[in-house]
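Written below as structure tokens is the structure these notes are about.
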Amino acid sequence: MDVFALRKRVVDDYQEYITSFISISDPRVKEVVEHNLDAGLLWPEPRIGLNPSFETGGLIDEHVESGLLHRECSKIFRRKPDTGPEEALRLHRHQLDAIKAARTGANYVLTTGTGSGKSLGYIIPVVDRILRNGSGKGIKAIVVYPMNALANSQFGELTKFLCNGYPLGQEPVRFQRYTGQESDEERQAIIADPPDILLTNYVMLELILTRVDERQLVERAAGLEFLVFDELHTYRGRQGADVALLARRVREACKASERRGDRRSARRLPRRAAVRSVDGQRQRRR
71 MDVFALRKRV VDDYQEYITS FISISDPRVK EVVEHNLDAG LLWPEPRIGL NPSFETGGLI
131 DEHVESGLLH RECSKIFRRK PDTGPEEALR LHRHQLDAIK AARTGANYVL TTGTGSGKSL
191 GYIIPVVDRI LRNGSGKGIK AIVVYPMNAL ANSQFGELTK FLCNGYPLGQ EPVRFQRYTG
251 QESDEERQAI IADPPDILLT NYVMLELILT RVDERQLVER AAGLEFLVFD ELHTYRGRQG
311 ADVALLARRV REACKASERR GDRRSARRLP RRAAVRSVDG QRQRRR
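Residues 71 to 356, numbered by our numbering, are exactly what the sequence shown covers, in order.
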């Protein structure tokens, strides 16, 4: 098919339709209108775009073999179609660079086009770290979205990767959405047993830091390893300043919770040692 010939036929038909009901008496106005129609004012030239071909970063399985990623990543990060066999996931170079940057513990920003897999640039490092250190040890990653629609979409992607192929309740990494859309029962369940990864929005994250009911979430985020802001470019002006301050408050709140936990442990340890000492004395006397 010649797409340019097809476009010309469509435009010609549309131009004939438009001009069929244009009747202008004033010759000067008519001349201007006809000139602009002939120049293509209502039907500009076709837009030609190229789909970018990103430099490959290799297969997930290759990076599992090299030790860059945990071995379970090979099972998690696969293309899992509803029908047909699963396929090993092939990374782009910028995704691989993001994974390597995350392994160093440094902050990083991943900027690339729509549909180029930016989400995997932080999901894979987060999941890899949790797999290495063990699941169920508190909130290790908070992912912040500018709107609930994005959080809902990402929740579906995580479900596809982390739930499909695993028995219910035996998922390798736990995640939950906490955006204000949940029922009170769901919210209480998340507070009572926080996941490894918490998906939220910047407004709800602000509320988590200030509301007494969510204090347990903050405490379970002590030692937080990842604070991710998806679609960072949307935070501009005053909103950008607010989100920057929010990031600082989250960091300080998690550090404060960690310090409180250390002090509680320090207070308990001498008492436990004293109890063991008393028990030992009693046994010797017997």
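Quick reminder that beta carbons are idealized off the backbone N, C-alpha and C, glycines included.
In the same chain as Asn271, and ignoring 5 residues on each side of it, the C-beta atoms closer than 8 Å to its own belong to Val214, Tyr215, Pro216, Met217, Asn218, Ala221, Thr249 and Gly250, in chain order. Using a Cβ distance threshold of 7 Å, Glu157 and Arg163 do not count as a contacting pair. By the Cβ criterion, the region 163 to 176 is not in contact with the region 276 to 288, since fewer than three pairs of Cβ atoms, one from each stretch, lie closer than 8 Å.
About 15 Å separates the beta carbons of Phe296 and Lys188, which is beyond the 8 Å limit, so they are not a contact pair. Take the alpha-carbon of Leu287 and the one of Ile261: they are about 6 Å apart. Using a Cβ distance threshold of 7 Å, Ala292 and Glu328 count as a contacting pair. Going by DSSP, Phe231 is part of the alpha helix (DSSP H) stretching over Asn218 to Leu232. From the listed residues Gly307, Gly310, Asp254 and Lys100, the smallest Cα separation to Glu284 is found for Asp254. Relative to Gly185, the option among Glu252, Asp131, Val243 and Ser123 whose CA is nearest is Ser123. In this chain, the alpha helix (DSSP H) harbouring Ile130 covers Ile130 to Ser136.
CA-CA distance, Glu301 to Cys324, rounds to 23 Å. Secondary structure note for Tyr272: its alpha helix (DSSP H) is the uninterrupted segment Tyr272 to Thr280. Within the same chain, Ile169, Lys170 and Arg173 come within 8 Å of Leu138 by CB-CB distance, once the 5 residues on both sides are set aside. Per DSSP, the continuous alpha helix (DSSP H) segment holding Val99 begins and ends at Pro97 to Asp108. Counted as a single uninterrupted DSSP element, the beta strand (DSSP E) harbouring Phe296 occupies residues Phe296 to Phe299. Assigned with DSSP and collapsed to three states, Ile194 falls in helix.
Linking Thr126 to Leu159 through their CA atoms gives a straight-line distance of about 11 Å.
For Ile146, the secondary structure class from DSSP, reduced to helix, strand or coil, is helix. A direct Cα-to-Cα measurement between Leu269 and Gly191 gives close to 16 Å. Here the alpha carbons of Gly310 and Gln240 stand approximately 39 Å from one another. Excluding its 5 nearest sequence neighbours in each direction, Ser90 has no C-beta neighbour in its own chain below 6 Å. The Cβ atoms of Pro242 and Glu135 do not sit closer than 7 Å to each other. Counting only the Cα atoms, His303 lies some 16 Å from Leu316.
With a 10 Å radius around the Cβ and a threshold of 16 neighbouring Cβ atoms, Val313 comes out buried.
For Ile267, the beta-bridge partners assigned by DSSP are Ala211 and Phe245. DSSP, reduced to helix, strand and coil, places Thr126 within a strand of the structure shown. Of Pro155, Arg199 and Lys207, the smallest CA-CA separation from Gly175 is found for Arg199. With respect to Phe245, Pro265 sits close: the two C-beta atoms are nearer than 7 Å. The closest CA to that of Gly235, considering only Arg306, Val320, Pro155 and Ile267, is found on Pro155.
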